[in-house]
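Participant:
Residue numbers (this note's numbering): 30 to 268.
1) By the DSSP assignment, the beta strand (DSSP E) with residue 130 in it spans what residues?
2) Using 10 angstroms around the beta-carbon of residue 162, count the other beta-carbons present and answer buried if the total reaches 16, otherwise exposed.
3) Compare the beta carbon distance of residue 207 and residue 118 with 9 Å and say whether it is the shorter of the two.
4) Under a Cβ-count criterion, where at least 16 other Cβ atoms within 10 Å of its own Cβ denotes burial, should residue 108 be classed as buried or exposed?
5) Buried or exposed: where does residue 40 fall if 16 or more other Cβ atoms within 10 Å of its Cβ makes it buried?
6) At the level of alpha carbons, what is the spacing between residue 46 and residue 78?
7) Consult DSSP for residue 220 and reduce its assignment to one of helix, strand or coil.
8) Is residue 38 buried or exposed, if buried means 16 or more other CB atoms sit within 10 Å of its CB?
9) Output the distance between the C-alpha atoms of residue 280 and residue 194, rounded to the nearest integer angstrom.
10) Which same chain residues, not among the five before or five after residue 114, have their C-beta less than 6 Å away from its C-beta?
11) State the Cα-Cα distance for the pair residue 264 and residue 181, rounded to the nearest angstrom.
12) By the three-class DSSP mapping on this structure, what secondary structure does residue 188 have?
13) Where residue 202 and residue 54 are concerned, what is the direct C-alpha to C-alpha distance, given to the nearest angstrom?
14) Looking only at C-alpha atoms, which of 36, 173 and 179 sits nearest to residue 68?
15) So the candidates are 258, 239 and 235; which of them puts its Cα closest to the Cα of residue 120?
16) Do residue 65 and residue 228 come within 9 Å of each other at the CB atom, strictly closer than that value?
17) Taking the beta carbon of residue 184 as the centre, do at least 16 other beta carbons fall within 10 Å, making it buried, or is it exposed?
18) Going by CA-CA distance only, name the one from 132, 138, 139 and 112 that's closest to residue 151.
19) Looking at the secondary structure, which residues open and close the beta strand (DSSP E) in which residue 151 lies?
20) DSSP three-state call for residue 101: helix, strand or coil?
21) For the alpha helix (DSSP H) that contains residue 250, what are its first and last residues?
22) Give the straight-line distance between the Cα atoms of residue 126 and residue 230, rounded to the nearest whole angstrom.
23) Please classify residue 179 as buried or exposed, where buried requires at least 16 other C-beta atoms within 10 Å of its C-beta.
24) Just the Cα atoms here: how many angstroms apart are residue 267 and residue 261?
25) Helix, strand or coil for residue 109 per DSSP?
What follows is the structure, encoded as structure tokens:
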């Protein structure tokens with residue numbers, strides 16, 4: 030069975046994924062150029078993500094969507110098990126958002142240009158001035174229900190477990206007084222961990238936890254970082 034699956038992936042799935050990704054990038058760029066960037070930076074990617082999962086025979090289920098309001102802006106923080114985390118969140122979160130992305134992703138041919146056109150937030154913390162520019166760009170986006178998704182671990186894990194969190198997402202929530210929503214992704218590590226090239230069929234579950242609203246005196250960063258990490262890790266620990 031796995032041999033047939035690999036043959037299918039190489040001969041059929043991979044070429045179709047390339048075509049779908051290229052078309053999605055072109056649609057996003059053209060839509061953004063005509064002034065529809067808010068919608069075209071999200072809805073084409075929803076269908077792109079669902080097709081990418083469908084082609085790999087990956088199913089996704091969601092719980093907790095009732096915890097979020099489409100008219101409210103949030104900072105979503107999620108664990109990062111593998112490449113299919115992106116498809117899971119884009120395809121099934123059900124809330125318009127932009128990513129906080131590493132600068133090097135801008136170099137991906139066509140995809141980087143599409144992300145730029147859709148106003149994804151490239152993070153540049155090489156100097157204080159560039160970091161302020163990143164925050165300023167984020168401020169212009171995070172209103173009217175537009176949210177941001179961050180992987181606070183910074184990169185995909187090596188073992189499926191939740192790693193150490195970085196402060197960037199929480200500084201953003203503090204700066205703009207936004208509620209934080211923890212997301213737990215379970216199953217993406219088995220589908221495609223960072224040390225493999227081709228995915229394996231499987232099931233991914235996305236849990237949307239209840240928002241943590243900023244207290245009147247502002248977030249206590251170490252405390253809220255520990256709290257969200259514990260909430261995200263809890264469903265994985267139970268298994």
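Where a beta carbon is used, it is the ideal one built from N, C-alpha and C, also for glycine. If you're wondering where the values come from, they're calculated on a predicted model, not measured in any experiment.
Facilitator: Checking against the coordinates, here is how it stands:
1) Residue 130 sits at position 101 when you count from the first residue of the chain shown. Start and end: 126-131.
2) For this step, residue 162 is matched to residue 133 along the chain shown. Residue 162 is exposed by the Cβ-count criterion.
3) Position 178 of the chain shown holds residue 207. Position 89 of the chain shown holds residue 118. No. Outside cutoff.
4) Translated into positions along the chain shown, residue 108 becomes position 79. By the neighbour-count rule (16 or more Cβ atoms within 10 Å), residue 108 is buried.
5) Indexing the chain shown from 1 puts residue 40 at position 11. That one is exposed.
6) Counting from 1 along the chain shown, the entry for residue 46 is found at position 17. Counting from 1 along the chain shown, the entry for residue 78 is found at position 49. Cα to Cα, residue 46 sits roughly 10 Å from residue 78.
7) If you number the chain shown from 1, residue 220 lands on position 191. Correct three-state label for residue 220: helix.
8) Indexing the chain shown from 1 puts residue 38 at position 9. Counting Cβ neighbours within 10 Å, residue 38 comes out buried, since at least 16 surround it.
9) In the structure displayed, the chain extends from 30 to 268; residue 280 sits before or after that span and is not available.
10) The count along the chain shown starts at 1 and reaches residue 114 at position 85. For residue 114, where only same-chain residues beyond five positions count, the Cβ hits under 6 Å are 214 and 217.
11) Your numbering for residue 264 matches position 235 in the chain shown. Your numbering for residue 181 matches position 152 in the chain shown. In a straight line, the C-alpha of residue 264 is about 18 Å away from that of residue 181.
12) Mapped onto the chain shown, residue 188 falls at position 159. Here residue 188 sits in coil by DSSP.
13) As a position in the chain shown, residue 202 is number 173, starting the count at 1. As a position in the chain shown, residue 54 is number 25, starting the count at 1. Rounded to whole angstroms, residue 202 to residue 54 spans 29 Å at the Cα level.
14) Residue mapping note: residue 68 aligns to position 39 of the chain shown, counting from 1. If we check each option's Cα against that of residue 68, 173 comes out closest.
15) The residue labelled residue 120 in the question sits at position 91 within the chain shown. Ranking 258, 239 and 235 by Cα distance to residue 120 puts 235 first.
16) To locate residue 228, count along the chain shown from 1; it is residue 199. To locate residue 65, count along the chain shown from 1; it is residue 36. Contact: no.
17) The residue labelled residue 184 in the question sits at position 155 within the chain shown. Residue 184 is exposed by the Cβ-count criterion.
18) Taking the chain shown and counting its residues from 1, the one referred to as residue 151 is at position 122. Answer by Cα proximity: 132.
19) Residue numbering aside, residue 151 sits at position 122 when the chain shown is read from its first letter. Start and end: 150-152.
20) Position 72 of the chain shown, counted from the start, is the residue given in the question as residue 101. It is coil, neither helix nor strand.
21) Reading the chain shown from its first residue, position 221 is the one you call residue 250. From DSSP, the alpha helix (DSSP H) with residue 250 extends over 250-267.
22) Mapped onto the chain shown, residue 126 falls at position 97. Mapped onto the chain shown, residue 230 falls at position 201. The alpha-carbon atoms of residue 126 and residue 230 are separated by roughly 27 Å.
23) Residue mapping note: residue 179 aligns to position 150 of the chain shown, counting from 1. Answer is buried; the Cβ neighbour count reaches 16.
24) Here residue 267 is taken as the residue at index 238 of the chain shown, counted from 1. Here residue 261 is taken as the residue at index 232 of the chain shown, counted from 1. The straight-line gap from Cα to Cα measures roughly 11 Å.
25) Here residue 109 corresponds to residue number 80 of the chain shown, with the count starting at 1. Looking at residue 109 - three-state DSSP - the assignment turns out to be coil, as it is neither helix nor strand.
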